[in-house]
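Read the structure below first, then the notes.
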Amino acid sequence: MDSTAAGGTGDGPVDHVFNPRAFEGGPTAAAGPERITELGLRPATLEEFVGQDPIVRNLRTHLGAAMGRSEPPDHVLFCGPPGLGKTSLARILSEELGSELQATSGPALDKPRDLLGLLTNLKRGDVFFIDEIHRIPIAVEEYLYTAMEDFRVEMTIDSGPHARVLPITVEPFTLVGATTREGLLSAPFRARFGLVQRLDPYPASDLVLILHRAAKILGVSLDDEGAVLLAERSRGTPRIASRFLKRARDWAQVEGTTVIDGAMAAKTLRNIGVDDQGLEEMDRRILRCLADHLPRPAALKTIAAVIGETEDTIEDVFEPHLLRTGLLQKTSRGRIITGLGLEVIGRDRSELTQSDGAGPLFDS
């Protein structure tokens, strides 16, 4: 192993090289857990999937009815914030059907020809999963219309007066789309999905169950107090809960502790910058930016420039939690912090002054 691969700069010898054999179980055990955390932590069946009960019930009915008719299920669209299980449900759908999953993402489908090869390689009953489906270009989206409805695509050969259209039949398949921005999908495209399901943030009680299951898979001991604390700070998102658990596992291992209890969970969250409200540094930057703009609302573009983050990331990742917890509000003129948001960052509610003579903008 060269010095760069071992964690050094590549400019000289490395004093401390990571040695996987230093951990119990040898190299396989050291290399394996991180592979497990990405795929092994995900539920493999609807029975293992925790939470989102109405969606699970609808999927079970939808799949059971389609399998009883010996035909592929209708196309499915999963909507909702990142990290709630849209990709996991796509994989589960494929497993329940006993079919193969062909996965891609919207940004990867730049031109219709990028889609043609994927569609023609599908076998009957396969699940074709497109993540970030709202980012598919219009030309590719329209190319999907006939594939979704008639299971055929039309390839244009040559151009000009010699152009001709060659219809190509594809095997019946189920398209599963995942999006965090449902409103960006065109109405004709959305209408072609037979089942549209929106995932909502999970209650802490469901996240506790998810964390206990993940801890068992990872081979770590997690008590109820630690699980509740991690769950309550996870924004209702299993992906974030799993990330917190893995970091707590790191701290427990380094400190020689065998159990992730409430104290270890609190210490981990504190060390990675998560406060008592479950806010991270970027959340606090957004709130401070809004507080500094009072009494005027701040435009999304302004917030992005001030905190050094992209508008899409702010809107998709950070803003939903701040809105749900009542720390900021959206207005026709932009975003504005609430009184509760001011308290969270140590500012006084009195900073919420009157605007345009209409009285206090927000009082909570």
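Count the sequence shown with our numbering and you get residues 983 to 1346, in order.
Yeah, the Cβ is synthetic: ideal placement off N, Cα and C, and Gly gets one too.
What does the alpha-carbon distance come out to for the pair residue i and residue j?
{"i": "proline 1331", "j": "valine 1032", "result": "Reading off the sequence, residue 1331 comes out as arginine, not proline. Going from the Cα of arginine 1331 to the Cα of valine 1032 covers about 39 Å."}
{"i": "arginine 1095", "j": "glutamate 1114", "result": "19 Å"}
{"i": "glycine 1088", "j": "arginine 1172", "result": "15 Å"}
{"i": "proline 1119", "j": "lysine 1093", "result": "8 Å"}
{"i": "alanine 1160", "j": "alanine 1169", "result": "16 Å"}
{"i": "glutamate 1078", "j": "arginine 1315", "result": "47 Å"}
{"i": "valine 1109", "j": "glycine 1244", "result": "42 Å"}
{"i": "serine 1070", "j": "arginine 1024", "result": "6 Å"}
{"i": "arginine 1129", "j": "glycine 1323", "result": "Inspection of the sequence shows that residue 1129 is occupied by alanine rather than by arginine. Spanning the two alpha carbons is a distance of roughly 48 Å."}
{"i": "alanine 1121", "j": "histidine 1044", "result": "30 Å"}
{"i": "alanine 1085", "j": "glycine 1176", "result": "19 Å"}
{"i": "alanine 1026", "j": "leucine 1251", "result": "29 Å"}
{"i": "alanine 1280", "j": "serine 1187", "result": "35 Å"}
{"i": "threonine 1421", "j": "glycine 1050", "result": "Outside the displayed span of the chain (983 to 1346) sits residue 1421, for which this structure offers no information."}
{"i": "leucine 1305", "j": "proline 1143", "result": "56 Å"}
{"i": "aspartate 1132", "j": "histidine 1116", "result": "22 Å"}
{"i": "serine 1224", "j": "serine 1052", "result": "37 Å"}
{"i": "proline 1302", "j": "leucine 1091", "result": "28 Å"}
Quick one: using the 10 Å Cβ neighbour count with 16 as the cut-off for buried, is residue i buried or exposed?
{"i": "glycine 1022", "result": "exposed"}
{"i": "valine 1147", "result": "exposed"}
{"i": "glycine 1014", "result": "Unreliable positioning characterises glycine 1014 in this predicted model, as indicated by a pLDDT of 46, which lies under 50. The coordinate reading is nonetheless provided below. With fewer than 16 Cβ atoms within 10 Å of its Cβ, glycine 1014 is classed as exposed."}
{"i": "isoleucine 1222", "result": "buried"}
{"i": "arginine 1073", "result": "buried"}
{"i": "alanine 1247", "result": "buried"}
{"i": "threonine 1010", "result": "Because the pLDDT at threonine 1010 is just 37, under 50, the model does not fix this residue reliably, and the point stays unresolved."}
{"i": "tyrosine 1127", "result": "exposed"}
{"i": "isoleucine 1037", "result": "buried"}
{"i": "threonine 1156", "result": "buried"}
{"i": "glycine 1067", "result": "buried"}
{"i": "arginine 1042", "result": "exposed"}
{"i": "threonine 1320", "result": "buried"}
{"i": "glycine 959", "result": "Since the displayed the chain opens at 983 and closes at 1346, residue 959 lies outside it and no answer follows."}
{"i": "arginine 1039", "result": "exposed"}
{"i": "aspartate 1265", "result": "buried"}
{"i": "glycine 1099", "result": "exposed"}
Run through DSSP, which three-state label would residue i get?
{"i": "glutamate 1136", "result": "strand"}
{"i": "serine 1168", "result": "coil"}
{"i": "arginine 1306", "result": "helix"}
{"i": "arginine 1329", "result": "coil"}
{"i": "alanine 1281", "result": "coil"}
{"i": "glutamine 1034", "result": "coil"}
{"i": "valine 1203", "result": "Position check: residue 1203 holds serine in this sequence, whereas valine was assumed. Note: serine 1203 maps to strand in three-state DSSP."}
{"i": "aspartate 1108", "result": "coil"}
{"i": "proline 1089", "result": "helix"}
{"i": "arginine 1317", "result": "strand"}
{"i": "glycine 1218", "result": "coil"}
{"i": "aspartate 1258", "result": "coil"}
{"i": "alanine 1026", "result": "coil"}
{"i": "arginine 1163", "result": "coil"}
{"i": "valine 1210", "result": "helix"}
{"i": "isoleucine 1242", "result": "strand"}
{"i": "aspartate 1056", "result": "coil"}
{"i": "glutamine 1084", "result": "strand"}
{"i": "threonine 1292", "result": "coil"}
{"i": "leucine 1334", "result": "coil"}
Between residue i and the rest of its own chain, which residues show a CB-CB distance below 8 Å, the 5 nearest in sequence each way excluded?
{"i": "glutamate 1123", "result": "Ser1168, Phe1171"}
{"i": "threonine 1240", "result": "Ser1203, Ala1234"}
Skipping 5 residues on each side, what residues in its chain have a beta carbon closer than 6 Å to that of residue i?
{"i": "glycine 1255", "result": "Glu1262, Glu1263"}
{"i": "leucine 1191", "result": "Val1032"}
{"i": "arginine 1267", "result": "Ile1289"}
Near residue i, which residues of its chain fall below 7 Å by C-beta distance, leaving aside the five closest residues on each side in sequence?
{"i": "proline 1054", "result": "Ala1048, Gly1107, Pro1154, Phe1155, Thr1156"}
{"i": "glutamate 1333", "result": "Ala1273, Leu1276, Leu1324"}
Regarding residue i and the ligand FAD, is the C-beta to nearest heavy atom distance less than 7 Å?
{"i": "leucine 1261", "result": "The model on display carries no ligand, and the ligand FAD is accordingly not part of it."}
Of all Cβ atoms in chain C, is any one closer than 8 Å to the Cβ of residue i?
{"i": "glycine 1308", "result": "Absent here is chain C; the protein component of the structure consists of one chain."}
* Between the segment 1188 to 1199 and the segment 1233 to 1241, do at least 3 Cβ pairs fall closer than 8 Å? -> Per the Cβ contact rule, the segment 1188 to 1199 is not in contact with the segment 1233 to 1241 (fewer than 3 Cβ pairs under 8 Å).
(message) For the structure I just gave you, are there three or more beta carbon pairs, one from the segment 1321 to 1330 and one from the segment 1283 to 1303, closer than 8 Å?
(response) These segments do not touch.
Does the segment 1153 to 1168 come close enough to the segment 1059 to 1077 that 3 or more CB-CB pairs lie under 8 Å? Touching, yes, given that three or more Cβ pairs across the two stretches are closer than 8 Å.
If we count Cβ pairs, one from each stretch, closer than 8 Å, do we get three or more for the segment 1214 to 1224 versus the segment 1175 to 1190?
Contact between the segment 1214 to 1224 and the segment 1175 to 1190 is present, because at least three Cβ pairs lie under 8 Å.
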